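Structure first, commentary second.
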Amino acid sequence: METARPASLASPETVGVTNPGGSSPFVLTCDHASNFLPPEFGTLGLAAEELSRHIAWDPGALPVARRMAATLDATLVETRISRLVIDCNRPLDAPDLVPPVSEITTIPGNAGLSEKQRAARIALSWQPFHDAVASIIDTRLARGLETRLVSIHSFNPVYNGKSRPWHIGVIHDEDRRLASPLVAALQRLAGVTVGVNQPYSPADRVYFTLERHARPRGLPCAMIEIRNDEISDGAGQRKWADLLTGIFSDLEPSSGSQGSGRRGLGHPVEPVN
Numbered sequence: 388m389e390t391a392r393p394a395s396l397a398s399p400e401t402v403g404v405t406n407p408g409g410s411s412p413f414v415l416t417c418d419h420a421s422n423f424l425p426p427e428f429g430t431l432g433l434a435a436e437e438l439s440r441h442i443a444w445d446p447g448a449l450p451v452a453r454r455m456a457a458t459l460d461a462t463l464v465e466t467r468i469s470r471l472v473i474d475c476n477r478p479l480d481a482p483d484l485v486p487p488v489s490e491i492t493t494i495p496g497n498a499g500l501s502e503k504q505r506a507a508r509i510a511l512s513w514q515p516f517h518d519a520v521a522s523i524i525d526t527r528l529a530r531g532l533e534t535r536l537v538s539i540h541s542f543n544p545v546y547n548g549k550s551r552p553w554h555i556g557v558i559h560d561e562d563r564r565l566a567s568p569l570v571a572a573l574q575r576l577a578g579v580t581v582g583v584n585q586p587y588s589p590a591d592r593v594y595f596t597l598e599r600h601a602r603p604r605g606l607p608c609a610m611i612e613i614r615n616d617e618i619s620d621g622a623g624q625r626k627w628a629d630l631l632t633g634i635f636s637d638l639e640p641s642s643g644s645q646g647s648g649r650r651g652l653g654h655p656v657e658p659v660n
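660 is the number that our numbering gives the last residue of the sequence shown; the numbers go up by one with no jumps.
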């Protein structure tokens with residue numbers, strides 16, 4: 388868990404921006420970086436050990452994203468509030484924006500929220516995160532800087548009793564300019580099983596940050612999902628950060644389809660990414 392945490396709802400530090408003036412064309416986001424709950428929320432009615440599970444965050448994703456940003460000289464925007472409070476990778480009308488159930492776990496503290504309580508959570512974390520991403524991108528574009536948006540996530544190795552064989556997944560919609568060369572580079576790595584729109588696809592409603600910020604601006608984008616047992620310790624986090632950094636250092640978007648639609652490439656819906 389990261390060391391920088393907001394102390395309460397009154398704190399402005401619910402989103403972190405690292406290296407806002409980065410020279411890399413890549414802007415990284417870590418939408419589920421933290422499992423921190425401000426004291427006002429208690430444990431949302433959950434046993435404390437539940438907060439270490441994937442339902443609360445994307446374990447291992449933030450150290451990978453931070454190492455990538457440092458090596459690439461890229462900008463990183465990270466959340467600092469658990470997805471259980473509000474999921475920054477969901478539109479405001481999503482039923483799981485404030486999840487009443489995550490995977491198969493009921494979240495008692497999210498039941499029966501008033502509109503005022505819901506609005507407070509949006510103002511706490513969702514709005515600052517998306518304002519930060521938009522500001523970074525718009526500043527870069529105003530300066531004429533090439534910009535490519537990549538979100539870093541992690542996923543469970545087993546879901547509903549079914550093992551997932553992929554070590555890493557690349558999620559994309561109709562715009563494959565970044566995803567295609569990224570997938571090709573990953574597939575050249577020995578011993579690495581790559582999922583293409585696996586274990587999620589945009590049809591699973593997990594592509595919101597990229598849909599909101601990259602697609603309207605015509606920016607190449609992709610979402611990376613790393614199986615979290617691969618990045619459960621420092622050695623694994625360094626391994627994957629360095630592998631991805633090596634690929635990104637030479638990665639150039641292809642001239643393939645940009646696509647204008649936002650529908651995903653059909654794939655059974657699963658509510659947590």
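For each residue, glycine too, the CB sits at the ideal point set by N, CA and C.
As the structure is a prediction and not an experimental result, all values here were calculated from the model.
Looking at the strands, I want to know which residues DSSP matches up with residue i.
i    : result
F542 : R614
F413 : R535
V557 : V583 and I611
T661 : Lying outside 388 to 660, the shown extent of the chain, residue 661 is not represented and no answer is given.
K503 : According to DSSP, K503 bridges with nothing at all.
S550 : V545
So, at 8 Å on beta carbons, what are the nonlocal neighbours of residue i in its own chain, with the 5 sequence-adjacent residues on each side left out?
i    : result
H431 : Checking the displayed sequence, the identity of residue 431 turns out to be Leu instead of His. Answer for L431: L424, L471, V472, I494, P495, G496 and N497, listed in chain order.
P586 : F542, Y546, R551, W553, G556, E612 and E657
A397 : Here the model assigns A397 a pLDDT of 42, short of 50, so the residue's position is not dependable and the matter cannot be decided.
In the DSSP assignment, the alpha helix (DSSP H) including residue i goes from what residue to what residue?
i    : result
G578 : Counting along the chain, G578 falls outside any alpha helix (DSSP H), and DSSP gives it neither H nor E.
H596 : Contrary to the premise, residue 596 reads as Thr rather than His in this sequence. Note, T596: alpha helix (DSSP H), F595 to H600.
F428 : Run containing F428: none; DSSP gives neither H nor E here.
P515 : Q514 to A529
V451 : A448 to L459
A628 : G621 to D637
Near residue i, which residues of its chain fall below 7 Å by C-beta distance, leaving aside the five closest residues on each side in sequence?
i    : result
H600 : V520, A521, I524 and L536
T580 : P552, W553 and H554
If distances are taken between C-alpha atoms only, which option among the options comes closest to residue i?
i    : options                   : result
R625 : G447, V557 and E427       : G447
D637 : E400, S411 and V404       : S411
D562 : L573, R604, A572 and A529 : R604
E666 : L500, W513 and F428       : As shown, the chain starts at 388 and ends at 660. That puts residue 666 outside it, with no answer to give.
P407 : P482, S619, R527 and A435 : R527
Output the boundary residues of the beta strand (DSSP E) element that contains residue i.
i    : result
L463 : T462 to T466
T405 : V402 to T405
Since residue i contacts residue j with CB under 8 Å, what's their CB separation in whole angstroms?
i    : j    : result
L463 : A456 : 4 Å
V557 : V593 : Wrong, their Cβ atoms sit about 13 Å apart, outside the cutoff.
R467 : V402 : 6 Å
D418 : C475 : 5 Å
R508 : V485 : 6 Å
Just to confirm my understanding: we take residue i, look at its own chain, exclude 5 residues before and 5 after, and list those with CB closer than 6 Å. What are they?
i    : result
P478 : F595
H559 : A566 and A609
A443 : N422, S469 and L471
H441 : N543
T405 : A456 and L463
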